[in-house]
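Quick note, the numbering used here runs 6 ahead of the 1-based positions in the sequence shown. No residue lacks a Cβ here, since even glycine has one placed at the ideal position from N, Cα and C. Predicted model only: the values in this text are computed from it and were never measured. Just below is one structure, and these are the notes that go with it.
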Amino acid sequence: MKDLKAFENILGVTFKDQAIFTQALTHRSYLNENPSPTGGQAEMPFWSW
7 MKDLKAFENI
17 LGVTFKDQAI
27 FTQALTHRSY
37 LNENPSPTGG
47 QAEMPFWSW
């Protein structure tokens, strides 16, 4: 997750749960070929920023 730390530094933020951040950025087509044990984005609620 070295790249994620660099990304956090660029944005000036720290993500509380890196797994949720990674899941949010994973495209659905990737999940079709590489199923996630957590179910993927379909289970993610819509978040407001």
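Taking the C-alpha atoms as reference points, what is the distance between residue i and residue j?
i: K11; j: S35; result: 25 Å
i: E14; j: T32; result: 17 Å
i: L17; j: F27; result: 14 Å
i: Q29; j: K8; result: 16 Å
Does residue i come out as helix, strand or coil in the three-state DSSP assignment?
i: T28; result: helix
i: S35; result: helix
What residue range does the alpha helix (DSSP H) around residue i cover?
i: D9; result: K8 to L17
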